[in-house]
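Undergrad: Sharing a structure below in structure tokens format, with a few things to ask.
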Amino acid sequence: QAKSHGRSRLQFWEPGMQAPYSERMQIEADLRRALARNEFVLFYQPQVDTVSGEVRGFEALLRWWHPQRGLLTPADFIPVAEESGVIVPIGDWVLREASAQLAEWRKADLPAMRLSVNISARQLESPDFVDSVMRAVQVYALDGRQLELEITESLLMRDFEANAIKLGRLSAAGIRLAIDDFGTGYSSFKYLSRFPIHTLKIDQSFVQDLDREENLSIVNAMIAMGRGMNLTVIAEGVETESQLARLQQMQCHEIQGHYCSPPLSGHAATVMLGQHGPGFAHGVQRAAS
Ligand code: C2E
Ligand code: MG
Ligand code: MG
Ligand code: MG
């Protein structure tokens, strides 16, 4: 199936698999051109309070409107962007775009929301990282507390000392830190507690299979730990009412997943915020009562 008619080549690139040099150069050029032509777009997925059913925040998720191949998701291009380093300017664009969205909602007098942005390895390691986040916050005159950075535990642990300093500086400006895909990496609890963490996001692999006794105990322990550390605990990838019911029983603070809403366009998210109120997430309230 690996026919490589021009543009379809990205599909066959897998992390860890080295594309030939010329192809990597081509893909890198494609990504830079996409940035210049404004082909990237952010979608926003609501994070919903399991008790009140209210939207507490959104996660910004990157998409690429490819002129030939249509809407691409991160799996199609993030590995290449990461390998080539183009993820750094793309990540910078994501930060500015997310900040612009927060500023737009504020101007429209919509309820203040937390917005989280995914940070990749190369971005975090870039010497300009802290300044790049601070610039986005300053340019749009944001309250730093509205912006949350999602970083995986493995990435945090990779260069522990340097990351602790960087994230400490951002935390001093109010910016929040979420541990993404929690449970899938190798974090030492001892080190984890030295980061200014606000949010724990339980990986969807645990949530998907909550009917298994084993996963239920793990998730229960993760929620208890998060609550004990005064963190906001969010379960990712919640798709069914029974998953939600179990998470509510275990007192998980928030859920994110198709059960509440898929990732939305900026316009659709704005409309949702306009109608926002306790009545929004009917499914959550039904299960809560
Ligand atoms: P993630 O940060 O763990 O994001 C959650 C993923 O789960 C998203 O996939 C989202 O669309 C998907 N999802 C949401 N609800 C459900 C559900 O109910 N069931 C299932 N099965 N999946 C659900 P997406 O948008 O394809 O993003 C994949 C990954 O790409 C993200 O995982 C994140 O690691 C990365 N990513 C996304 N946006 C960015 C970005 O702006 N920069 C960087 N560096 N990485 C990004
Ligand atoms: Mg994430
Ligand atoms: Mg995740
Ligand atoms: Mg993930």
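Take 447 as the starting number for the sequence shown in UniProt numbering and just add one per residue. Note that the Cβ used here is the ideal one computed from N, Cα and C, for glycine as well.
1) Can you tell me where the beta strand (DSSP E) holding Leu-623 begins and where it ends?
2) To which residues of the same chain is Met-718 closer than 8 angstroms at the C-beta, ignoring the five residues directly before and after it?
3) I'd like to know whether the C-beta of Ser-639 is nearer than 9 angstroms to at least one C-beta of chain C.
4) Using DSSP's beta-bridge definition, name the partner residues of Glu-523.
5) Which one or two residues does DSSP pair with His-512 in a beta bridge?
6) Give me every residue whose Cβ sits closer than 5 angstroms to any heavy atom of ligand 6, in chain order.
7) Please return the same chain residues whose Cβ sits closer than 8 angstroms to the Cβ of Leu-477, not counting the five positions on each side in sequence.
8) Does at least one heavy atom of ligand 3 sit under 8 angstroms from the Cβ of Lys-647?
9) How is Gly-712 classed by DSSP in three states: helix, strand or coil?
10) Specify, as a first and last residue, the run of the alpha helix (DSSP H) that Leu-588 falls within.
11) Less than 8 angstroms between the CB atoms is what I'm expecting for Glu-687 and Gln-702, so what's the real figure, rounded?
12) Relative to the alpha-carbon of Gln-694, which residue among Val-576, Arg-542, Val-653 and Ala-558 has its alpha-carbon at the smallest distance?
13) Going by C-alpha distance, which of Leu-556, Arg-568 and Ser-545 is nearest Ala-582?
14) May I ask you to check if the CB of Gln-493 is nearer than 8 angstroms to at least one heavy atom of ligand 3?
15) Quick one: what does DSSP say Pro-466 is sitting in, helix, strand or coil?
16) Leaving out the 5 sequence neighbours to the left and right, which residues in its chain are closer than 7 angstroms to Ala-480 when beta-carbon positions are compared?
17) Which two residues bound the contiguous alpha helix (DSSP H) that contains Leu-656?
18) Could you check how far apart the C-beta atoms of Thr-496 and His-699 are, in whole angstroms? I think they sit under 8 angstroms.
19) For a quick check, are the C-beta atoms of Asp-627 and Lys-647 less than 9 angstroms apart?
20) Within the present structure, is the beta-carbon of Ser-688 separated from the nearest heavy atom of ligand 1 by less than 8 angstroms?
21) Whole angstroms is fine: what's the gap from Pro-573's alpha carbon to Ala-610's?
22) Given the structure, does Glu-659 come close to ligand 3, in the sense that its CB is under 8 angstroms from one of the ligand's heavy atoms?
23) Under DSSP, the alpha helix (DSSP H) around Leu-693 begins and ends at which residues?
24) Just to confirm, are Arg-560 and Gly-503 a CB contact at a threshold of 9 angstroms?
25) What is the rounded straight-line gap between the Cα of Asp-589 and the Cα of Gln-697?
26) Starting from Glu-571 and walking both ways along the alpha helix (DSSP H), at which residues does that stretch end?
27) DSSP has Lys-647 in a bridge; who is on the other side?
28) DSSP on Glu-485, reduced to helix/strand/coil?
29) Looking at ligand 3, does it come within less than 8 angstroms of Gln-592, judged from the CB to the closest heavy atom?
30) Quick one: what does DSSP say Asp-555 is sitting in, helix, strand or coil?
TA: Let me lay it out:
1) 622-628
2) Pro-492, Val-501, Ser-707, Leu-710 and Phe-726
3) As a matter of chain content, chain C is missing from the structure shown, which is built from one protein chain.
4) Note that residue 523 is Phe in the sequence shown, not Glu. DSSP, once it has assigned bridges, lists no residue as partnering Phe-523.
5) Gly-516
6) You won't find ligand 6 in this model; what it holds is ligand 1, ligand 2, ligand 3 and ligand 4.
7) Phe-523, Val-526, Ala-527, Ser-530, Val-532 and Ile-536.
8) yes
9) Looking at Gly-712 - three-state DSSP - the assignment turns out to be helix.
10) No alpha helix (DSSP H) holds Leu-588; DSSP gives it neither H nor E.
11) Glu-687 to Gln-702, Cβ: 15 angstroms. No contact.
12) Val-653
13) Ser-545
14) no
15) coil
16) Phe-486 and Trp-510
17) For Leu-656, there is no enclosing alpha helix (DSSP H), as DSSP marks it with neither H nor E.
18) 6 angstroms
19) yes
20) no
21) 14 angstroms
22) no
23) 687-695
24) Yes. Within cutoff.
25) 28 angstroms
26) 567-571
27) Ile-680
28) Residue state for Glu-485 is assigned as coil, using DSSP reduced to three classes.
29) no
30) Note: Asp-555 maps to coil in three-state DSSP.
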